[in-house]
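A.B. asks: Counting along the sequence shown from 1, when you hit position 143 you're at 1148 in the numbering used here, and nothing is skipped either side.
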Amino acid sequence: MAEEKTKDMKEIGVDKLVLNISVGESGDRLTKAAKVLEQLTGQQPVYSKARYTVRSFGIRRNEKIAVHVTVRGEKALSLIEAGLKVREFELLRKNFSDLGNFGFGISEHIDLGIKYDPSTGIYGMDFFVVLERPGFRVARRKKSPGKIGKPHRLTKEDAIKWFQTKYEGVVLNKSSYP
């Protein structure tokens, strides 16, 4: 019997990882959160503004309330591994989107191996992982962009299978974490 070959164009890889810390207010806490992300990734974070005014939360429109950074390549893979270690490689089924991406959160950034600094404090953060197959650039390129065919698109099941094989992770069907 012939060996089973894997198709190179069907292999799934990590396109990018987006780390987000939403503080909910501008000022000192937001700059400290930006410092935490810069320590973690070595990249300059970007500030996100509020879209709407929410009086009950004390948030005004266009006020800076969060910071995020996009990481690619080997650094992204190592950060995903560290974040999943904190989560004990367990994710919920609802953490996966229909387009084959997944996200999860951690409650303390010091679990990732950063030394605790009392002046900075402790921040939780969201991880959002975008998966893709080779050839997805066809849809994003500027000159004559094309469409990705249905058989080549990623699904929720593809992402779950990739997570289980790559990280030997567990996908739970519960509604929330214990």
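From the three backbone atoms N, C-alpha and C, an ideal C-beta is built for every residue, glycine too.
(1) Would you call M1130 buried or exposed, if buried means 16 or more other Cβ atoms sit within 10 Å of its Cβ?
(2) Between L1177 and the rest of its own chain, which residues show a CB-CB distance below 8 Å, the 5 nearest in sequence each way excluded?
(3) Ignoring anything shorter than 4 residues, give me the alpha helix (DSSP H) runs that lie fully in the region 1117 to 1158, in order along the chain.
(4) Do R1060 and L1022 have their beta-carbon atoms positioned less than 9 Å apart in this structure?
(5) If I'm right that F1107 touches A1164 with Cβ under 8 Å, what's the distance once you round it to whole angstroms?
(6) According to DSSP, A1071 sits in a beta bridge with which residue or residues?
(7) Pull the bridge partners of G1110 from the DSSP assignment, please.
(8) From which residue to which residue does the beta strand (DSSP E) around E1079 run?
(9) Taking the beta strand (DSSP E) that E1095 belongs to, which residues open and close that run?
(10) Does the region 1025 to 1032 touch the region 1118 to 1137, meaning 3 or more C-beta pairs lie closer than 8 Å?
(11) According to DSSP, is F1062 helix, strand or coil?
(12) For G1088, which residues in the same chain have their Cβ closer than 8 Å to its Cβ, ignoring the five residues on either side in sequence?
C.D. replies: With the given structure in hand:
(1) To locate residue 1130, count along the sequence shown from 1; it is residue 125. With 16 or more Cβ atoms within 10 Å of its Cβ, M1130 is classed as buried.
(2) Counting from one through the sequence shown, the residue named residue 1177 turns up at place 172. So the qualifying residues of the chain are E1095, L1096, L1097, R1098.
(3) 1142 to 1145
(4) Start at 1 with the first residue of the sequence shown, and residue 1022 comes out as number 17. Start at 1 with the first residue of the sequence shown, and residue 1060 comes out as number 55. Their beta carbons are not under 9 Å apart, which means L1022 does not touch R1060 by this criterion.
(5) Working through the sequence shown from its first residue, we reach residue 1107 at position 102. Working through the sequence shown from its first residue, we reach residue 1164 at position 159. Contact holds; Cβ gap of about 6 Å.
(6) Locating residue 1071 in the sequence shown gives position 66, where the first residue counts as 1. A1071 is bridged to S1027, S1053.
(7) The residue you call residue 1110 lines up with position 105 of the sequence shown. DSSP output for G1110 lists D1131 as bridge partner(s).
(8) Locating residue 1079 in the sequence shown gives position 74, where the first residue counts as 1. Run containing E1079: none in the beta strand (DSSP E); it sits in the alpha helix (DSSP H), 1079 to 1091.
(9) Residue 1095 sits at position 90 when you count from the first residue of the sequence shown. Per DSSP, E1095 belongs to the beta strand (DSSP E) from 1095 to 1097.
(10) yes
(11) For the purposes of this step, residue 1062 is identified with residue 57 of the sequence shown, where counting begins at 1. F1062: coil per DSSP, three-state reduction.
(12) Walking along the sequence shown from the start, residue 1088 turns up at place 83. Contacts found: F1109, I1111, L1117, F1132.
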